[in-house]
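A.B. asks: Throughout, our numbering is defined as the position within the sequence shown, counted from one, plus 30.
In this text, a Cβ means the ideal position worked out from N, Cα and C, and glycines have one as well.
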Amino acid sequence: CDGFIQLLRTYVVRGKYPSLLLDLWDDYNERKGSESVRPDMFTASQVYAIIVLPNGGPDLEAYVFTRPVKSGWHRAASIFWQVARMLANAEKLVAFEHRDLHWGQILIKDVTSVNTSMGKHLTSLSKIPMDSPYHGIETTIIDLGLARMDGGDPSIGVHWTPFDEEVFEGDGDYQYDVYRLMRDHHGNDWKGFRPLTNVMVSVALRCF
Numbered sequence: 031c032d033g034f035i036q037l038l039r040t041y042v043v044r045g046k047y048p049s050l051l052l053d054l055w056d057d058y059n060e061r062k063g064s065e066s067v068r069p070d071m072f073t074a075s076q077v078y079a080i081i082v083l084p085n086g087g088p089d090l091e092a093y094v095f096t097r098p099v100k101s102g103w104h105r106a107a108s109i110f111w112q113v114a115r116m117l118a119n120a121e122k123l124v125a126f127e128h129r130d131l132h133w134g135q136i137l138i139k140d141v142t143s144v145n146t147s148m149g150k151h152l153t154s155l156s157k158i159p160m161d162s163p164y165h166g167i168e169t170t171i172i173d174l175g176l177a178r179m180d181g182g183d184p185s186i187g188v189h190w191t192p193f194d195e196e197v198f199e200g201d202g203d204y205q206y207d208v209y210r211l212m213r214d215h216h217g218n219d220w221k222g223f224r225p226l227t228n229v230m231v232s233v234a235l236r237c238f
């Protein structure tokens with residue numbers, strides 16, 4: 031589905047965590063912090079799943095707008111409307127709910143803007159739909175770990191993941207309120223398709 035991260039390859043491997051990857055883990059932990067356990071604790075019999083994805087850019091929380099005074103509001107609005115379009119398309123395609131869409135699940139990449147790619151064809155940004163990457167922003171949705179979607183075949187059924195109860199006990203961030211709103215809306219019947227949850231998670235983006 032357009033706008034969602036593409037899966038390139040997957041591998042299953044076994045062994046001690048490589049020293050190069052440990053150095054990279056330490057560097058990330060030093061710069062940003064990590065709630066995960068340092069992986070050197072695992073033995074040589076440990077099995078790992080490796081998922082290879084394209085580089086979609088930094089997440090929305092880490093992204094810094096360039097030229098915010100001149101075109102920043104166009105880019106910010108484009109992010110929101112690109113996400114809205116992607117969710118709407120996925121709803122139609124597979125009865126999709128993301129259920130966990132926050133700043134860390136949206137990747138942002140700078141792309142060629144209208145000023146250089148379309149030039150004389152369009153003289154004003156106001157003539158370009160707000161969900162167009164021609165505003166200089168390309169948005170990608172990631173992490174479908176809690177998503178709900180139809181399998182596309184009655185024999186496959188519906189794919190969805192139950193929430194841990196601790197998720198609904200969180201505080202200090204509007205995202206936790208969204209989890210509780212979704213639970214009230216679903217009535218704890220998470221198998222059903224209730225696309226209003228995509229509106230709920232989209233509203234959570236309003237603060238960026």
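Could you check the C-alpha separation between F110 and F34 for me, to the nearest Å?
C.D. replies: Position 80 of the sequence shown, counted from the start, is the residue given in the question as residue 110. Position 4 of the sequence shown, counted from the start, is the residue given in the question as residue 34. So the alpha carbons of these two residues sit roughly 14 Å apart.
A.B. asks: Short of 7 Å in beta carbon distance, which residues of its chain neighbour K46, apart from the five on each side in sequence? Order them along the chain.
C.D. replies: Sequence index remark: in the sequence shown, residue 46 carries index 16 (1-based). If we look at K46 and ignore the five residues flanking it on each side, its Cβ neighbours are A74.
A.B. asks: In three-state DSSP terms, what is A120?
C.D. replies: As a position in the sequence shown, residue 120 is number 90, starting the count at 1. Looking at A120 - three-state DSSP - the assignment turns out to be helix.
A.B. asks: Could you tell me the alpha carbon to alpha carbon distance between D203 and W133, rounded to whole angstroms?
C.D. replies: Mapped onto the sequence shown, residue 203 falls at position 173. Mapped onto the sequence shown, residue 133 falls at position 103. Answer to the nearest angstrom: the Cα atoms are 12 Å apart.
A.B. asks: Any idea what DSSP makes of A92, helix, strand or coil?
C.D. replies: Translated into the one-based positions of the sequence shown, residue 92 becomes position 62. The answer is coil: DSSP assigns A92 none of H, G, I, E or B.
A.B. asks: What residues are listed by DSSP as bridge partners for L176?
C.D. replies: Position 146 of the sequence shown, counted from the first residue, corresponds to residue 176. DSSP, once it has assigned bridges, lists no residue as partnering L176.
A.B. asks: Check whether the segment 37–52 and the segment 74–93 are in contact - that is, three or more C-beta pairs closer than 8 Å.
C.D. replies: Enough Cβ pairs lie closer than 8 Å, so yes.
A.B. asks: Below 7 Å between beta carbons: does that hold for I167 and S232?
C.D. replies: Within the sequence shown, the letter at position 137 stands for residue 167. Within the sequence shown, the letter at position 202 stands for residue 232. No, Cβ-Cβ distance for I167 and S232 is not below 7 Å.
A.B. asks: Can you list, in chain order, the residues of its chain with a C-beta nearer than 7 Å to that of Q205? Leave out the 5 residues immediately preceding and following it.
C.D. replies: Here residue 205 corresponds to residue number 175 of the sequence shown, with the count starting at 1. Answer for Q205: H132 and A234, listed in chain order.
A.B. asks: What distance in whole Å lies between the Cβ atoms of G222 and H216, which are believed to be in contact at a cut-off of 8 Å?
C.D. replies: The residue labelled residue 216 in the question sits at position 186 within the sequence shown. The residue labelled residue 222 in the question sits at position 192 within the sequence shown. Confirmed, Cβ separation roughly 7 Å.
A.B. asks: Take P69 and list the residues in its own chain whose beta-carbon comes closer than 6 Å to its own, dropping the five residues that flank it on each side.
C.D. replies: Here residue 69 refers to the residue found at position 39 when the sequence shown is read from its first residue. Cβ neighbours of P69 beyond the five flanking positions: Y47.
A.B. asks: Helix, strand or coil, according to DSSP, for V82 in the structure here?
C.D. replies: As a working mapping, residue 82 is identified with position 52 in the sequence shown. Reduced to three states, the DSSP call for V82 is strand.
A.B. asks: Per DSSP, V42 is paired with what?
C.D. replies: Translated into positions along the sequence shown, residue 42 becomes position 12. Answer by DSSP bridge pairing, in chain order: A79.
A.B. asks: Is the beta carbon of G86 closer than 7 Å to that of T142?
C.D. replies: The count along the sequence shown starts at 1 and reaches residue 142 at position 112. The count along the sequence shown starts at 1 and reaches residue 86 at position 56. Result no, Cβ atoms of T142 and G86 do not sit closer than 7 Å.
A.B. asks: Please report the distance separating the alpha-carbon of E89 from that of I172.
C.D. replies: Within the sequence shown, numbered from 1, the residue matching residue 89 stands at position 59. Within the sequence shown, numbered from 1, the residue matching residue 172 stands at position 142. The amino acid occupying residue 89 in the given sequence is Asp; Glu does not appear at that position. Rounded to whole angstroms, D89 to I172 spans 10 Å at the Cα level.
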